[in-house]
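Trainee: Each residue of the sequence shown is one higher than the one before, starting from 49 at the first, in our numbering. Below you will find the structure I want to go over with you.
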Amino acid sequence: MTENNYAQPLRITLTAWAAIVLGALLGLGGAYLLWLGGSCYYLLAGIGLLLVGVLIRRRQRAALWLYALVLLASLVWTIYEVRFDWWQMAPRIDLWCVLGLWLLLPWVNRHIAPGQPWRDGASVLLGIGLLLGAGMAVYSLTQDYHRLPGYFDESRMAAADAGTASRSASQWTAYGGSSRGERYTSAEQITTANVGRLKKAWEFHTGDLPGEGDPGEITNQVTPLKVGDNLFVCTPHSIAIAVDADTGEERWRFDPAINRKAEYYQHMTCRGLAYHDGSPKNAVQDGEAPQSSSAAAPRCTQRLFLPTNDATLYALDVYDGKPCEDFGEAGMVDLKVGLGDDALGVYLPTSPPVVTEKLVIVGGSVTDNGSVDSPGGVIRAYDVRSGELVWNFDPGRPEATEPLPAGETYVRSTPNSWTIATADEALGLVYIPMGNQTPDQWGVPRSPEAERFTAALVALELETGRVRWEFRTVHHDLWDRDLPSQPTLVDIDGPDGAVPAIIQPTKRGDLYVLDRRSGEPVVPVSELLVPQGAVEGDFTAPTQPASKLSYAPDEPLHERDMWGGTPFDQLICRIQFHQLRYEGDFTPPSEQGSLIYPGNVGVFNWPSVAVDPQRQILFGAPNYLAFVSRLVKREADDERPGSGGSERGLQPNLGAPYMVSLEPFLSPLGLPCQAPPWGSVTAVDLRSMEKVWQRKNGTSRDSAPLGIPLTVGVPALGGPLVTASGLGFLSGTLDYYLRAYDLRTGEELWKDRLPAGGQATPMSYVSEKTGKQYVVVMAGGHGSFGTRLGDSLVAWTLEEE
């Protein structure tokens, strides 16, 4: 017997046993899924595949008839469940088509049973099934059920010509570009027509990389400021650096030498610095340029405010980075004062403060799910020159805004504000997006004051710190749906004239558009009935607010939405789906484990949205990822500290009857269990409050095996930028790119590779020296988001023609 004669029986035997094993696994899993109340398809397909294996083992051509029927039934079932959605269809039929092709190969087919393969009906039927599968796949590539294909007309895009000159294109003096938090530049040199000529101009390395003792969530989320000729950034370890805006050369560096031995349980980041101009021409307005950094000026006339991870606030001279001695004690204020002895490493001011003409206003994050007894979430306003405490808003004692007397402590365990606030000095208000009282998923006991301010946008008077109005976005929050985004100020054209509005994005996906004078909704808000039944001792609110303008998922998840790379991991995701408690949005946390969708990362997070104030167009990047929240009952002697260093894993909730386990809803292969897309870019017409376009965004380049760049639409954790020339920029996707989009249609016009994850917000300016427009972003990665860490500040400008 020849080697080939030995190979043929072995090939058929292995094929038979592969079908038997795969069929048995699919059938057993399918039987369990059916018992849980799920689809019967997997049980039937498993039985069919198992019988196919048995028939192949017996060398009976009925194996091909049966497999053809299994394939055809699978195609019909796929269309019934997901129509012609490519990313849903492919994992349902890919394995079956590959196995079908194998069975049609002549050196396999002819040995299953005697005969000529293409003269019997079984092989013909199987071939028809494969052709139908291929046709479905090709047709599905022409379909996109997740795209909103609208556009803004040419007259609307031309509307930006009026008024853009009122804003300096050479400066970026606040985290959101201006005091209004729009993430908008009036620069028009880079356009939709020439953006393809963008080339890297320079790359600067901060030298600040992760070190021993750092938490898992160490990140580079900074947006640079541009003042005069310099860019100003801060690093994860709170180092402030000035960089030449034209060359990327370092001008100065200030290292506060933060306490690296402290236990930073959750975060280590610096989203940015804040700037104040105290020169005689008054504070910088949106239409003015600050003095050049080369100009002679008294020390600290222009100053930067640096928040540090060990809870201090520094005032630095713009020109040399040295502390301003007249601010606080030797240039710094200790933010731990009044927070208790445990504030270090638990209370973290990770976002830039708000600066007005007279005040610097600062909040800070408090470690999520650490302990029921944690530092309070006080908001404090200091004199911008002297560092003297002017007022404090203590959410536990909201009326007591006079400075806290020495030796006293703010109310413990109150809602905090960890993100970026916005101020309107003309109205005399600062707008504070509030978070939760820790623990997030256990709401007992929360005081009436805590319930009042949790997940609320709070307007405080600049003069006194007293509450002018508040707007709650969640009742009795058990889902970590704190307000994560900087609110944006925009004057919206209406039938009765311009309305001074504020836009607050949320983790649920709602965009609350409020009159910023009163907090009254401009876009209607309704109360929705939500699932009930919290764990023993807690309660759920009967309804939750929802804005009419929302990117919350249109429908709850269903079993058919479960996904995977193959039918097998998709089956496991379906089983997990049925094992969890899920009754739609706001399903309460449970010991069983609850599916939370949108998850606690949110549809919108700290990156917020960008607004073109002239065209009145909003540009954003919503995400869609489900999480699993599981309450773990604590035994009397159980003092497990939990995972620490991240918002994933087992969280300790010390002092509460439950710990909480938080994880993204993933398959055994590490893929999301819900079908893509998981991220997109979108635009809203703020005059009509209608969504105009939405597109999948990003590829699997840096998260798939072999770096395959599949356009699935990946999550983004980095903010958007819009320009007066009608461009949008975004860098925060899981793949390492900076992208440019046509604001009119959402079409991707350009992209360039980043050296690390771009989980930051780009900014843009026109050089006062060369007249060139630059786009700059920090590419430093994000520890818990899973992107590559780095230390690169990268700038692009147009290539010379």
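Built from N, CA and C at the ideal position, the CB exists for glycine as well.
Assign Thr-61 to one of three DSSP states: helix, strand, or coil.
Mentor: Taking the first residue of the sequence shown as position 1, residue 61 is located at position 13. The answer is helix: DSSP assigns Thr-61 an H, G or I state.
Trainee: Please confirm whether Ile-176 and Arg-109 have their CB atoms less than 9 Å apart.
Mentor: Along the sequence shown, one-based indexing puts residue 176 at 128. Along the sequence shown, one-based indexing puts residue 109 at 61. It is not a contact, given that the beta carbons lie outside the stated cut-off.
Trainee: In terms of residues, what are the limits of the beta strand (DSSP E) holding Pro-278?
Mentor: The residue labelled residue 278 in the question sits at position 230 within the sequence shown. Note on identity: in this sequence residue 278 is Asn, with Pro being the wrong assignment. Start and end: 278-282.
Trainee: Under 8 Å by Cβ, that's how I've got Thr-233 and Gly-225 pegged, so tell me the actual separation to the nearest angstrom.
Mentor: Residue numbering aside, residue 233 sits at position 185 when the sequence shown is read from its first letter. Residue numbering aside, residue 225 sits at position 177 when the sequence shown is read from its first letter. Indeed they touch by this definition, with Cβ atoms about 6 Å apart.
Trainee: Can you name the residues that DSSP bridges to Gly-302?
Mentor: Translated into positions along the sequence shown, residue 302 becomes position 254. Strictly speaking, residue 302 in this sequence is Phe, with Gly absent from that position. Per DSSP, Ala-288.
Trainee: Kindly list the residues whose CB is nearer than 7 Å to the CB of Leu-149, restricted to its own chain and excluding five residues on each side of it in sequence; keep chain order.
Mentor: Within the sequence shown, numbered from 1, the residue matching residue 149 stands at position 101. Same-chain partners within the cutoff: Leu-178.
Trainee: Runs of 4 residues minimum, wholly inside the stretch 453-530: which ones carry the alpha helix (DSSP H) assignment?
Mentor: Complete alpha helix (DSSP H) runs here, min 4: 496-501.
Trainee: Under the three-state reduction of DSSP, which class applies to His-626: helix, strand or coil?
Mentor: Locating residue 626 in the sequence shown gives position 578, where the first residue counts as 1. Residue state, collapsed to three classes: helix.
Trainee: Beta-carbon within less than 8 Å of Thr-61's beta-carbon, same chain only, minus the 5 sequence neighbours each way: which residues are those?
Mentor: Here the question's residue 61 lines up with position 13 in the sequence shown. Contacts found: Arg-105.
Trainee: Nearest to Ser-171 by CA position, among Pro-553, Tyr-128, Thr-271, Ala-116, is which residue?
Mentor: For the purposes of this step, residue 171 is identified with residue 123 of the sequence shown, where counting begins at 1. Out of Pro-553, Tyr-128, Thr-271, Ala-116, Ala-116 has the C-alpha closest to the C-alpha of Ser-171.
Trainee: Should the stretch 290-304 be regarded as contacting the stretch 403-410, the criterion being three or more beta carbon pairs within less than 8 Å?
Mentor: Contact fails: fewer than three Cβ-Cβ distances are below 8 Å.
Trainee: From Tyr-73 to Ile-95, what distance separates their C-alpha atoms?
Mentor: Stepping through the sequence shown from its first residue, residue 73 is reached at position 25. Stepping through the sequence shown from its first residue, residue 95 is reached at position 47. First, the amino acid is wrong: residue 73 is Leu here, not Tyr. Those two C-alpha atoms are separated by around 10 Å.
Trainee: Buried or exposed for Ala-454, going by 16 or more other Cβ atoms inside 10 Å?
Mentor: On the sequence shown, residue 454 is found 406 positions in, with the first residue counted as 1. So Ala-454 ends up on the exposed side.
Trainee: Taking all protein chains shown into account, do 16 or more other C-beta atoms lie within 10 angstroms of the C-beta of Gly-77, making it buried, or fewer, making it exposed?
Mentor: The sequence position of residue 77 within the sequence shown is 29, counting from 1. So Gly-77 counts as buried.
Trainee: Just reading off the beta strand (DSSP E) that Trp-135 is part of, what are its end residues?
Mentor: Numbered from its first residue, the sequence shown carries residue 135 at position 87. Careful: Trp-135 lies outside any beta strand (DSSP E), inside the alpha helix (DSSP H) at 134-152.
Trainee: Are Leu-361 and Phe-280 touching if we call contact CB-CB under 9 Å?
Mentor: Counting from 1 along the sequence shown, the entry for residue 361 is found at position 313. Counting from 1 along the sequence shown, the entry for residue 280 is found at position 232. Contact flag unset, no.
Trainee: Taking Cβ positions, are Ser-399 and Arg-319 nearer each other than 9 Å?
Mentor: The residue labelled residue 399 in the question sits at position 351 within the sequence shown. The residue labelled residue 319 in the question sits at position 271 within the sequence shown. It is a contact, given that the beta carbons lie within the stated cut-off.
Trainee: Consult DSSP for Phe-616 and reduce its assignment to one of helix, strand or coil.
Mentor: Taking the sequence shown and counting its residues from 1, the one referred to as residue 616 is at position 568. In the structure shown, Phe-616 sits in a helix (DSSP, three-state: H, G or I).
Trainee: Give me the Cα-Cα distance between Gly-612 and Asp-368, rounded to the nearest whole angstrom.
Mentor: Looking up residue 612 in the sequence shown gives position 564. Looking up residue 368 in the sequence shown gives position 320. The alpha-carbon atoms of Gly-612 and Asp-368 are separated by roughly 54 Å.
Trainee: Give the secondary structure of Ala-391 by DSSP, where H, G and I count as helix, E and B as strand, and everything else as coil.
Mentor: In the sequence shown, counting from the first residue as 1, residue 391 sits at position 343. Residue state, collapsed to three classes: coil.
Trainee: From the DSSP output, which residues share a beta bridge with Thr-267?
Mentor: Along the sequence shown, one-based indexing puts residue 267 at 219. His-830.
Trainee: Determine the closest residue to Asn-307 out of Val-275, Pro-258, Leu-321, Asn-357, with distance taken between C-alpha atoms.
Mentor: One-based indexing of the sequence shown puts residue 307 at position 259. Answer by Cα proximity: Asn-357.
Trainee: Answer with buried or exposed for Lys-248, where buried requires no fewer than 16 other C-beta atoms within 10 angstroms of its C-beta.
Mentor: On the sequence shown, residue 248 is found 200 positions in, with the first residue counted as 1. The residue in question, Lys-248, is exposed, as its Cβ has fewer than 16 Cβ neighbours within 10 Å.
Trainee: Please name the residue, chosen from Ala-469, Asp-292, Gln-269, that lies closest to Pro-284 on a Cα-to-Cα basis.
Mentor: Position 236 of the sequence shown, counted from the first residue, corresponds to residue 284. Among Ala-469, Asp-292, Gln-269, the Cα nearest to that of Pro-284 belongs to Gln-269.
Trainee: Secondary structure at Asp-609, three-state DSSP: helix, strand or coil?
Mentor: Walking along the sequence shown from the start, residue 609 turns up at place 561. Asp-609: helix per DSSP, three-state reduction.
Trainee: Are His-523 and Ala-589 close, meaning C-beta to C-beta below 9 Å?
Mentor: Position 475 of the sequence shown holds residue 523. Position 541 of the sequence shown holds residue 589. Yes, the Cβ-Cβ distance between His-523 and Ala-589 is below 9 Å.
Trainee: Which residues in the same chain as Ile-68 place their Cβ atom closer than 7 Å to its Cβ, once the five residues preceding and following it in sequence are excluded?
Mentor: For the purposes of this step, residue 68 is taken as residue 20 along the sequence shown, with counting starting at 1. Excluding positions up to five away in sequence, the list reads Leu-98, Gly-101, Val-102.
Trainee: Is it buried or exposed for Gly-545, if we count other Cβ within 10 angstroms and need 16 for buried?
Mentor: By one-based count along the sequence shown, residue 545 stands at place 497. Exposed.
Trainee: One question on the structure: do Asn-417 and Met-811 come within less than 9 Å of each other, judged by their Cβ atoms?
Mentor: Translated into positions along the sequence shown, residue 417 becomes position 369. Translated into positions along the sequence shown, residue 811 becomes position 763. Contact: no.
Trainee: Taking the straight line between their C-alpha atoms, what separation do you get for Glu-607 and Arg-231?
Mentor: In the sequence shown, counting from the first residue as 1, residue 607 sits at position 559. In the sequence shown, counting from the first residue as 1, residue 231 sits at position 183. Approximately 39 Å, taken between the alpha carbons.
Trainee: Within 10 Å of its beta-carbon, does Arg-735 have 16 or more other beta-carbons around it, so buried, or fewer, so exposed?
Mentor: As a working mapping, residue 735 is identified with position 687 in the sequence shown. Burial call: exposed.
Trainee: Three-state secondary structure (DSSP) at Gly-545?
Mentor: The sequence position of residue 545 within the sequence shown is 497, counting from 1. Correct three-state label for Gly-545: strand.
Trainee: Three or more C-beta pairs under 8 Å: does that hold for the stretch 437-455 against the stretch 368-377?
Mentor: Verdict: no, contact absent.
Trainee: What three-state label does DSSP hand Asn-157 in the structure shown?
Mentor: Translated into the one-based positions of the sequence shown, residue 157 becomes position 109. In this structure, Asn-157 counts as helix in the three-state DSSP scheme.
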